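Residue numbers (this note's numbering): 3 to 1259. A virtual CB, placed ideally from N, CA and C, is assigned to each residue, including glycine. Here the structure is a predicted model, which is why all the values come from computation and not from measurement.
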Amino acid sequence: MAGIKSLAVRGIRSFGPEECDEQRITFEKPLTLILGQNGCGKTTIIECLRYAITGQMPPGSRYECFVHDTKVNRSVEVMAQVKLKIVNAKDKLLEVSRSMKVTAVKNKKPKFQTLDSFLSVDDGSGKTKDISSRCADLDFVMHEELGVSKAILNSVIFCHQEDSSWPLDEGKKVKERFDEIFDADKYSDCFDRLRKIRKEYEHEIKSLGQQVSYWTEKKEDLDKKKLDLVNTKTRMSEAEEKILELSTELRPISEKLNAIETLQKNLVSFESAREKIKNRLEHQQDSVKELMKSIDKLYEGTTEELHERYTNYGATIEAKHTELDKSYKQNFSFNKEEERIANEKTNNEVKFNKLILLESQNQEKIDRRNNMVLDTAKLADVEVQKIETDGEADQCKAAVMEKIKDLMRKLEQHKLDADKAEKEYQKHVDDSRDALSRHKQKISNKETEIQTVKKEIMKMGQQITDANKSKQRLEKLDAKLKTAEDTILKEKDMIEESLKQKEKQLNVLKNKHRSAITELLGKMIENNFAISINQFECQTRTELETIKKNISEKQNEITRVETDRDHINRQLRERREELSAAEDRMYRECGAQTYDNTLAKITATVDKLQDEQNVLQSSMFIITKYKGQIKDNNCCPLCSRGFDNEDEVNDLISQLTTQVMNVPAKLEKVTEELQRTSAKKDNLLSMRSLNERIVVLKEKDIPDLEKRLVEADKVIASLTESVDDLTMLSKEPEQKMSTLRQIQGDMPLLDKFTNEIRSSKKDLESVKAKCADFECDISLDTATVKQTDLRQKIGILKTKIKSNQTKLNEHTKKIQKQAEEKNKLKEELLNIQKMVQELYNLQETLKQMESNKEKYSTELKELENSTEKLEMELKEKEKAKNNAVTKNRHEIQEASTYLTRVSNAFDKIKAIDSEIKQHKDRNIQKEMDQIKEANDRLNCRHKQIINDRDTLTKKIDSLKDEIAKQEIYKRTLEDNIKLRKAETEIESCNKELLEINDKLKGVNTDMISEKEPLIMKQTKIFREKAQTEGQLEELKKVYKQNQLELKKAQNQEVEKKYKEKLYELHVTKAIDADIRDYSIALDKCLMEFHKEKMENINLIIRELWRKIYRGNDIDYIEIKTEGSMSAESERRKYDYRVVQCKNGVEIDMRGRCSAGQKVLACLIIRLALAETFSSRFGILALDEPTTNLDQENVVSLCSALGDIVQERMSQRNFMFIIITHDREFIDTLGNIDKVTHYYEVSRNEEGKSRVKKIRFT
């Protein structure tokens, strides 16, 4: 355990600087006693111990004053050294050596210099290890080696005599001492560091929260895109599956229809073949009948013989036949050319009919256009009687266009007027809202002022009651004081004592408030304290009220701007909701494409479907007319090929009907698609104003509101910063006002003490003047005789003095008690006078506050009465604004709807007009004239061919006649040959007819009835499949676009950054929570530690007080701690005060105890602190512990110290170092066991201190 062994001092204060002047003291356990007169250097020993261990100079002492004076030593330079041997906590012997030097400088302050300090450590083997102050902090090393803190060494163990009464000093200084003892600054720094760390983490958490929110939105957007991608892929799969199902479903239907068509073709071919065979059979039978009639004689020979005879005859008429063949060929070429002409005429007729159809359709469009123009003009309130020409239609369209432009201008003007009116109404509403807000702020301020005044009035009333009671006590104390003053001699010594006491009290009050007054006024004044403080208070209060007024104005401005910001936020939210709804509606109609692209695409689709519809309608018309011409003329109108019978015509019509059977279904499908697409186009045209509104919201309204919102936030931030700055500025005047309130009560006392000192000095001067009036006129011999007589009398008086010394001591004690009683009465008198002086001020202040209270109440009632009016005005303005806005929006909506209807109708007119213009540009009439001219040329050529053919026919007929005449025999042969061929053909036809009948019997004709339902079903499936394929193509485009967007989003590493920020946020929150828990746990531990230590200290203080103190006015004393939470460091701080208790009533000891009680209380507190905090270094130095103690308390203190020494004697490191000038106190302590000697400090002839060891006898 740590302790001290010996001390060597040289060159410190009164200790000489030479080697021969070095003085040594060996400290013995358990008690080291040092005796000496005042000024001999006793306290210097404590100062050297403290300096050797801590390196600190005595309080209030300059460095050069601590070293032996160069003038006294009559040298230019003085060296000083302190050597201390100690034992550390590990029982190792240490020696610390600290050296100093003071050099005298001419006409200047002496120069002080600290030399190298050394710490020698004995390792136990005889070797020492030196540590220099140049390479180590010796103060820190000493604290570590001794195991005790610097604060305990300075304030408890080696406490200087000047600071020994610190436990009863003012609260701030006591708190500083205890904070040093408990090392509170270190923990405060720790808490401040933790608070800063938590503040940094709080900002970081806020920043991370915003980043996590941002990346959460990004991740949700990414997840949405992924989900859209999956949903699109699923829909694509569903569409593909549906297409596959439809294809699968369509395949058997198509196969069945193909089989039915094949069957129909076979049936038609069978029927046609059968009909042809029947015709051939009938024809052959008719030929046989005719031949039988025409043949006179049937040839009896064989067929070969018949042919042989015919061949031989054929050579004779070969020439005729050759010519006849040429004629036939020429006739055939005429037929071919005629057929070509007929085909061209048919084609021209088809083209002509199509042109006629287009012309009729164009006329229908013109009529429809004129009707639409009339309807649109009627819708637009344009006066039009009737439209018969294109010029009138153009005039009407121009009028409608002007009307539309006029409506658009009116609508824009209406919107501008509505916005202007809305802003005007909003301005009125904002003005009313600001006025109401300022009014409510005034009401709140007035209510706060009234509450404050009420509290002040109650406080003033209590103070006035206390002052009245004090006034009554003052009268009683005045009577007591007069009685006490009558018993005290009014001599010069009493005046001087009173003057010293007043000067001391004045100095105490000055020292108490010196720092505060100097801080407030800039210097320490000597008189007129109350007036100066009151003037400074008025200035500070004015400054503080100005700052508070500025703060109030800034806060009102903040309230107004926040109201504007809320209104802007509300408008921005409404605009964003409107934009979102409009975009949703636009997305439902246009998807991911823009409005213009979608409208252009829909318009192109409508044009394409209209063309397809026209083609299908024309084909139906042409085919119907073609059928009619075939039925009417019984020949083909294109090639002029004739038909032998009606069955061939029916077969051709049946084939044409089969071919065009799907055309009506296609026409119906195209018509439905055209209607649906036209409706979608009309819907898109009606949404043009919505698209314009979206553009206005995106590009103008929302950016303007966001800009206004940012500006409002900037203004609020600036105003808030200004308020914070003003608040910081107000702290200094508030602190000054607080300091003024603390010291204001003592200022009248300072003025009173100053005046009393001035008066007492005058009285003292008058007494000295009276003493100076005495004159001396005696001779030397007479004086010698008188001297001898006086010496004899002195001898007699000395004997009387010895006998009366006891009486004198008793009388002195009585005088002391009366003086103490007088001092107490004076102190109480001063306090009561102070309160009585404040009575008038309190009464005046009370009256002023009551008048202010009535004034504030009246103002508050007026403000509250006017609040309802402002609220009604605000509601009326808001209602008027809402009505105007609703009315304007309704009118704008109606005008916009009306304009949209007119614009849509006009767009349709323009679309039809464009089609009419295209038809007009085509010049149909010219094409029809060209076709007529071509037909005329063909007719002329046809007539010429007919003439040429008639000539050729006559030639053929003549050749036939010639051949007929020459070939009668041949005809007979031919008829026989024909007869033989006809009979053979009849047999062949009968066989073929039987085969065809057999085939027809095996054919299932019921399948043909299923064709119509199958065709309808196939058409439906085709339509559904085409729709699904279109959806699939659209989905593929969307899927590709989503893939690109998803890839772009994935390239940003959204999920990775989201996880990183989320993990970082959770980790930071966990760290912040751990730091908070650690702060709470640390604060709790410190509170428990502080509570435990203070309980232990108070327990020791009570025991020592009851053991030492012999008075009956105080039962015990203790240290009261009052904890409070600091907003800055977020931890508990303690204020300390010493209280005295009597019969369970506790009062502050400071200012109420006597000097002896003060010394004793401070001594006991130091003993308790040393017992609690210095267990490893059990040493305590007491410098003049009996100061101001009466004999009885000195005896009890001596007894208590003896008991403590006896109890702690067994501890290895326990030691008391007691310094005193009281020999009786030393002698009494010498009776303790193991205390064999003491040290006496005195000065030699040269004035240097010497230490002498003296044994007790």
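Alpha carbon to alpha carbon, what distance is there between residue j and residue i?
i       : j       : result
Tyr1111 : Leu1199 : 8 Å
Thr304  : Leu995  : 28 Å
Asp775  : Lys764  : Because Asp775 carries a pLDDT of 45, less than 50, the predicted location of this residue cannot be relied on, and the following value inherits that uncertainty. Approximately 17 Å, taken between the alpha carbons.
His416  : Ile894  : 7 Å
Glu1124 : Tyr1118 : 19 Å
Asn558  : Lys849  : 32 Å
Asp931  : Gln363  : 19 Å
Ile1149 : Glu182  : 25 Å
Thr561  : Glu449  : 18 Å
Arg1178 : Asp1137 : 27 Å
Thr729  : Ile549  : 8 Å
Phe1258 : Lys87   : 26 Å
Phe29   : Leu35   : 9 Å
Val887  : Val697  : 21 Å
Met403  : Asp383  : 12 Å
Thr902  : Ser916  : 20 Å
Lys603  : Trp217  : 37 Å
Thr391  : Ser680  : 28 Å
Secondary structure at residue i, three-state DSSP: helix, strand or coil?
i       : result
Ala10   : strand
Arg1078 : helix
Gln615  : helix
Val143  : helix
Val150  : coil
Thr1230 : helix
Tyr1111 : coil
Glu559  : helix
Ser101  : strand
Met588  : helix
Glu1242 : strand
Thr902  : helix
Arg26   : strand
Leu491  : Reliability of the predicted coordinates at Leu491 is poor, the pLDDT of 42 falling under 50, and no value is obtained from them.
Hey, would you say residue i sits closer than 8 Å to residue j, going by beta carbons?
i       : j       : result
Phe142  : Ile133  : no
Gly173  : Gln83   : no
Leu1182 : Leu1162 : no
Glu24   : Ala4    : no
His430  : Lys879  : yes
Ile1102 : Glu1186 : no
Ile1221 : Ile159  : no
Ala984  : Leu293  : yes
Gln286  : Glu929  : no
Val123  : Lys131  : yes
Residue i lies in the alpha helix (DSSP H); which residues open and close that run?
i      : result
Glu164 : Unbroken run through Glu164: none, as it is neither H nor E.
Glu273 : 186-296
Met374 : 320-381
Ala82  : Segment 79-89 is the beta strand (DSSP E) holding Ala82; no alpha helix (DSSP H) there.
In terms of residues, what are the limits of the beta strand (DSSP E) holding residue i?
i       : result
Thr673  : Counting along the chain, Thr673 falls outside any beta strand (DSSP E), though it belongs to the alpha helix (DSSP H) covering 665-688.
Glu1148 : 1147-1150
Val386  : Careful: Val386 lies outside any beta strand (DSSP E) and carries neither H nor E.
Contact between the region 598-618 and the region 665-672: three or more CB pairs below 8 Å?
yes
Examine the Cβ distances between the region 688-708 and the region 569-584 and report whether three or more of them are shorter than 8 Å.
The region 688-708 makes contact with the region 569-584: 3 or more CB pairs, one atom from each, lie closer than 8 Å.
Inter-stretch contact at 8 Å, needing at least 3 Cβ pairs: the region 49-69 / the region 146-162:
yes
Count the CB pairs spanning the region 183-200 and the region 1075-1095 that are closer than 8 Å, and state whether there are at least three.
yes
Counting Cβ pairs closer than 8 Å, one from the region 235-248 and one from the region 1032-1042, do we hit at least three?
yes
Taking 8 Å as the threshold, find out whether the region 394-414 comes into contact with the region 668-688 through three or more Cβ pairs.
Judged by Cβ distances under 8 Å, the region 394-414 makes no contact with the region 668-688, as fewer than three pairs qualify.
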